[in-house]
Amino acid sequence: MNLKDKEARRHLIDMVDHSRKKLEDVRQARRRLLDRAKGSEWFPSEERAPINQMAQQEWALVQHLAGGDPKALVLPGGTGMEATAYEQTLAINAVAQRLNLRRKFRRLVQDALYGVGICRIGMVRGRNIPIREIAPELDEEGEVGIGKLEVQVISLESWVHDCQADCIEEREFCGHAYWVDKEDIDQYLPGVKTADLQVEEKRWIDEHGHEMAGAISRGVDGEGQSGFRDKYWLWDLWVPKENMIITTPVNGTGAIANVRSWSSRPGGPYLFLYYRELPDQAIPLSIQADLALVHDSLNSTFRKLIDQTREAKTVLGFKPGHEGDAENVRDASSRQIVQMRDPSSVQEFNFNGPDQSLLGMLLQTRELASIIGGNTDVLAGLGVQAPTATQEQMVTETAGGKVRLHEVDTADFYVEVFEAIRWYLYHEQMEPIPIVGQVEGTDIRFSQTFNAAKAQAMPGRFNSFLLKIEPYTGIYRSPEQRFNALLMLWERLIMPGVQLGVLDKTPDMERLLEIAAQYLDMPEVRTLLREVAPEEQSMMGEDSARQSPTTTRNYVRRSAPGPTRSGNAMQALQMMGARGNGQA
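Just so you know, our numbering puts 497 at position 430 of the sequence shown, and the rest follows in order with no gaps.
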């Protein structure tokens, strides 16, 4: 297909419009899920949602999959390339920090939970600088265009791809729509006459008249609000087979377009994260959709229980002729002495109130919601699940069995993003990046710069290195969890190694206390120790009892089974039912 030809572009735009209509059903389903997740109190909603199970599962999975600060690790492919790999690692992580990749990864995981997370990676061109400033060794005249590497999160609302493909990776085209200020249009469509373009208001309804996801937080009802500036609505469409990028008006026919070859990173500008797909389907599925009906059922049951509780009544009944006894009981305060002719003549009666079967349904639905999400209660740390600390740790470590595949998908996506960043730094990063490193085994730190010219001049080609994500950097661990893991390592590995004589270094107890003070936010730990004078040390050495060189230590492991949270809930429900039936 010759995309320089207007007729070929018109045919492409027809295919784009067809795919947009196919994607509309998916976008509407996504909006319904987002509408559930937003709750009922912050934004207007038709029905109350006292238990926002959708938001809880989203929070638990996002925190588990993207709670940490992921860092790249470049490994050398041969000897003599260690320094090059280390500098690439420093440069990648410096750019990741500038881009605030942690926040963007969290947003991409959120989007993937509701269908697909899409990001665009590339250099945003800026100013031109003389070649002598970035590569004085070349001794050449002229200027070169430089820019900054950017990672942009693309919403499904502004996305389109070939829906006739068997999967999203085999698409014939894909792209996203965006708004451009009228005065900046020449940067996107060079030489175009503004009279040939249609100025549009940036709005929160799509071409079919449906509210977009952005309307949820803006409180609009389908009516576009006037913008500060006139804007144009443009497509950036990437066609992999032709390796071309096309910029054209969204509501046009393709006649006005900026067609150019894609000469940057192989594979195109877009990367995708998704957790579930069906065979022969070009649209990934949302794992949040599995919870939607359970979320609705949970809130419907709880609303009924709330209404029943509101209608509960406690009344005093009395036998005829004992009105005085009833009034005395009604007016008496707690533990007040009252005179009664017949105590049995006045009794308390309860009417209405929560239905026990509905309460049982609520508890079972709540457990089912956690199971569907992959034991989200345990992942989120919502209450103790086992009677002992060791069993609780075992439960927590094995709770994520159902989300292991999601962890692998997320880690693979992280590697793709960091590998794309490495490609741009190696090939197109002209402006030097300041990096700070440390000499291994010392406290000596150094600072220098990194750019594409320096990277290509160092030993090793681009494909000579292997990029990985530093283990567990993408998973959030609180300071308390990190210190507990460090303490376990100290007790089970370091100290036994010292006692057995297999370590040639001495454990630094003072450093461990410093870490405890820092991680546990307890600076008082530093005041627990004081300097000991030499004479005190000699006295302590004389008075201290010597330990026998031969000691015996016995470890007894005992399993203490206990009821689960669901078991406790059912036991409480049975007790409530027994009381309602008048049983002891």
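Quick reminder that beta carbons are idealized off the backbone N, C-alpha and C, glycines included.
Remember, predicted model here, so these are calculated numbers, not experimental data.
With a cut-off of 8 angstroms on the beta carbons, I'd call S364 and T443 a contact; round off their distance for me. Position 297 of the sequence shown, counted from the first residue, corresponds to residue 364. Position 376 of the sequence shown, counted from the first residue, corresponds to residue 443. Incorrect: roughly 17 angstroms between the Cβ atoms, too far for contact.
Burial state of D178, where buried means 16 or more other Cβ atoms lie within 10 Å: To locate residue 178, count along the sequence shown from 1; it is residue 111. Classification for D178: buried.
Could you pull the DSSP bridge partners for Q515 from this structure? By one-based count along the sequence shown, residue 515 stands at place 448. Answer is I502, bridged to Q515.
Express the C-alpha separation of E394 and R402 in angstroms, rounding to a whole number. For this step, residue 402 is matched to residue 335 along the sequence shown. For this step, residue 394 is matched to residue 327 along the sequence shown. The alpha-carbon atoms of R402 and E394 are separated by roughly 16 angstroms.
Report buried or exposed for N119, applying the criterion of at least 16 other Cβ atoms within 10 angstroms of its Cβ. For the purposes of this step, residue 119 is taken as residue 52 along the sequence shown, with counting starting at 1. N119 is buried by the Cβ-count criterion.
Grab the span of the beta strand (DSSP E) containing E378 for me, first residue to last. Position 311 of the sequence shown holds residue 378. First-last for E378: undefined, no H or E at that position.
I'd like the ranges of any beta strand (DSSP E) spanning at least 3 consecutive residues and lying wholly in the stretch 150-202. 184-197
Under the DSSP definition of a beta bridge, which residues are partnered with A244? Position 177 of the sequence shown, counting from 1, holds the residue named residue 244. Partner(s): W302.
If we call anything under 8 angstroms between Cβ atoms a contact, is R115 one with R370? Here residue 115 corresponds to residue number 48 of the sequence shown, with the count starting at 1. Here residue 370 corresponds to residue number 303 of the sequence shown, with the count starting at 1. For R115 and R370, yes; Cβs fall inside 8 angstroms.
For T516, I'd like the list of residues in its chain whose CB is within less than 8 angstroms of its CB, leaving aside the five on either flank, ordered along the chain. On the sequence shown, residue 516 is found 449 positions in, with the first residue counted as 1. Same-chain partners within the cutoff: P499, I500, P501, I502.
Counting along the chain, where does the alpha helix (DSSP H) carrying N551 start and finish? Counting from one through the sequence shown, the residue named residue 551 turns up at place 484. Counting along the chain, the alpha helix (DSSP H) containing N551 begins and ends at 546-556.
Tell me, please, which residues DSSP counts as bridged to N417. One-based indexing of the sequence shown puts residue 417 at position 350. The partner list for N417 (beta bridge, DSSP) reads T381.
When the Cα of S482 is compared with those of W126, T261, L140, which residue comes out closest? As a position in the sequence shown, residue 482 is number 415, starting the count at 1. It is Val, not Ser, that sits at residue 482 in the sequence shown. The shortest Cα separation from V482 among W126, T261, L140 belongs to L140.
Are the beta-carbon atoms of Q496 and L216 separated by less than 8 angstroms? As a working note, residue 496 is residue 429 in the sequence shown. As a working note, residue 216 is residue 149 in the sequence shown. In contact: Q496 and L216 (Cβ atoms closer than 8 angstroms).
Rounding to the nearest angstrom, what Cα-Cα distance links D92 and N530 in this structure? Here residue 92 is taken as the residue at index 25 of the sequence shown, counted from 1. Here residue 530 is taken as the residue at index 463 of the sequence shown, counted from 1. Those two C-alpha atoms are separated by around 42 angstroms.
DSSP three-state call for G319: helix, strand or coil? In the sequence shown, counting from the first residue as 1, residue 319 sits at position 252. DSSP places G319 in coil when its eight states are reduced to three.
Suppose you measure from the CA of D374 to the CA of G420; what does that come to, to the nearest Å? The residue given as residue 374 occupies position 307 in the sequence shown. The residue given as residue 420 occupies position 353 in the sequence shown. Between D374 and G420, the C-alpha separation is close to 9 angstroms.
Stretch-stretch touch, CB-based, cutoff 8 angstroms, three pairs: the stretch 213-229 with the stretch 253-262: no
When the distance is taken between beta carbons, is A152 closer than 8 angstroms to L492? Translated into the one-based positions of the sequence shown, residue 492 becomes position 425. Translated into the one-based positions of the sequence shown, residue 152 becomes position 85. No; because the gap between Cβ atoms is not below 8 angstroms, this pair is not in contact.
Spell out the partners DSSP gives W226 in its beta bridges. Counted from its first residue, the sequence shown places residue 226 at position 159. Per DSSP, H243.
So, are the CB atoms of G144 and Y341 less than 8 angstroms apart? Residue numbering aside, residue 144 sits at position 77 when the sequence shown is read from its first letter. Residue numbering aside, residue 341 sits at position 274 when the sequence shown is read from its first letter. Result no, Cβ atoms of G144 and Y341 do not sit closer than 8 angstroms.
Buried/exposed call for I313, threshold 16 Cβ in 10 Å: For the purposes of this step, residue 313 is taken as the residue at position 246 of the sequence shown. It counts as buried.
Using only the alpha-carbon positions, how far apart do V227 and Q348 sit? Position 160 of the sequence shown holds residue 227. Position 281 of the sequence shown holds residue 348. C-alpha separation (whole angstroms): 15 angstroms.
How far does the beta strand (DSSP E) with I536 in it extend, from its first residue to its last? Your numbering for residue 536 matches position 469 in the sequence shown. First-last of the beta strand (DSSP E) with I536: 532-536.
Taking the alpha carbon of Q414 as the point to measure from, which residue in H389, L435, Q423, L430 has its own alpha carbon closest? Within the sequence shown, numbered from 1, the residue matching residue 414 stands at position 347. Answer by Cα proximity: H389.
Is R593 helix, strand or coil when you go by DSSP? Against the sequence shown, residue 593 aligns to sequence position 526. Looking at R593 - three-state DSSP - the assignment turns out to be helix.
Once DSSP output is grouped into helix, strand and coil, what is the label at T432? Along the sequence shown, read from residue 1 onward, the residue named residue 432 stands at position 365. Note: T432 maps to helix in three-state DSSP.
Rounded separation between R87 and F485 - CA only: As a first step, residue 87 must be located in the sequence shown, where it is residue number 20. As a first step, residue 485 must be located in the sequence shown, where it is residue number 418. Spanning the two alpha carbons is a distance of roughly 30 angstroms.
Pull up the distance between the alpha-carbon of W302 and that of T315, whole angstroms please. In the sequence shown, counting from the first residue as 1, residue 302 sits at position 235. In the sequence shown, counting from the first residue as 1, residue 315 sits at position 248. When rounded, the distance between both Cα atoms is 5 angstroms.
Taking R173 as the reference, which of P563, A244, G134 has the closest Cα? Here residue 173 is taken as the residue at index 106 of the sequence shown, counted from 1. Nearest C-alpha to R173: G134.
Would you call D392 buried or exposed, if buried means 16 or more other Cβ atoms sit within 10 Å of its Cβ? Position 325 of the sequence shown holds residue 392. The residue in question, D392, is buried, as its Cβ has 16 or more Cβ neighbours within 10 Å.
Residue nearest to H362 in terms of C-alpha spacing, selected from H78, L101, R77, V83: Taking the first residue of the sequence shown as position 1, residue 362 is located at position 295. Out of H78, L101, R77, V83, L101 has the C-alpha closest to the C-alpha of H362.
Does DSSP classify T368 as helix, strand or coil? Walking along the sequence shown from the start, residue 368 turns up at place 301. Here T368 sits in helix by DSSP.
From Q355 to R187, what does the alpha carbon distance come to, in whole angstroms? For the purposes of this step, residue 355 is taken as the residue at position 288 of the sequence shown. For the purposes of this step, residue 187 is taken as the residue at position 120 of the sequence shown. If you take the alpha carbons of Q355 and R187, they lie about 24 angstroms apart.
P143 - DSSP class collapsed to helix/strand/coil: Position 76 of the sequence shown holds residue 143. Looking at P143 - three-state DSSP - the assignment turns out to be strand.
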